[in-house]
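Trainee: Numbering (our numbering), first residue to last: 12 to 200. Don't be surprised by glycine CBs; every beta carbon is placed ideally from N, CA and C. These numbers come from a predicted model, not from an experiment. The structure under discussion is supplied below as structure tokens; questions concerning it will follow.
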């Protein structure tokens, strides 16, 4: 496969560079998600402290019911926003990793085709059709991979977006229903 030491060395360096790039992608994604988690934890602690502070100022049941009713929609909105942030960070990481894998598959296919070309130059007479069949198989496999990859991305993305939007819509409707129910029961208290 390698005709000299320089080719072998270049191959080793290329593999090392790929490993470093993959590690960088994974670490950057982990860092992004960890930072997001820390940011969320800070917000939750600050919001909980503020809520406790407000609770200590409540003196009667009616004020408590109003306070409690006022927490539903903002908390729901914050939860949905947090879920969206986590989803976006996860999609970004997945996109980077998918891109890396696709590049590696394309490069491998290119290398296989180049190896087949070298083989064809040194193959016995009459074997051109067999080499061409192999090249066609590699090209067809590559095209099928690209097509399947694009379809999977599109379907996955559409499904995930629809799921997130449906969850947001359902949560907002539920929050609104809870708020309406509390408002109708509050005057009777």
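(1) Could you give the distance in angstroms between the alpha-carbon of residue 120 and the alpha-carbon of residue 153?
(2) Compute the distance between the beta-carbons of residue 182 and residue 82, then report whether it is under 8 Å.
(3) Quick one: what does DSSP say residue 69 is sitting in, helix, strand or coil?
(4) In the structure shown, what three-state DSSP assignment does residue 200 receive?
(5) Going along the chain, which residues of its own chain have a beta-carbon closer than 8 Å to the beta-carbon of residue 115, five neighbours each way excluded?
(6) Taking Cβ to Cβ, would you say residue 47 is nearer than 8 Å to residue 96?
(7) To the nearest angstrom, how far is it from the Cα of residue 133 to the Cα of residue 148?
(8) Using the Cα positions of residue 70 and residue 62, report the straight-line distance between them to the nearest angstrom.
(9) Keeping to the same chain, check which residues put their C-beta closer than 7 Å to that of residue 51; ignore five residues upstream and five downstream.
(10) Tell whether a beta-carbon distance below 8 Å holds between residue 142 and residue 131.
(11) Do you know how far the Cα of residue 128 is from the Cα of residue 15?
(12) Given a threshold of 16 other Cβ atoms within 10 Å of its Cβ, counted over all protein chains shown, does residue 22 qualify as buried or as exposed?
(13) Kindly indicate which three-state DSSP category residue 15 falls into: helix, strand or coil?
(14) Between residue 73 and residue 184, what straight-line distance do the alpha-carbon atoms span, to the nearest angstrom?
Mentor: So, from the data block:
(1) 7 Å
(2) no
(3) coil
(4) Note that residue 200 scores a pLDDT of 43, beneath 50, so its modelled location is shaky; the value from the coordinates is reported in the next line. Of the three classes helix, strand and coil, the one that applies to residue 200 here is coil, per DSSP.
(5) 29
(6) yes
(7) 20 Å
(8) 15 Å
(9) 93
(10) yes
(11) 18 Å
(12) exposed
(13) coil
(14) 25 Å
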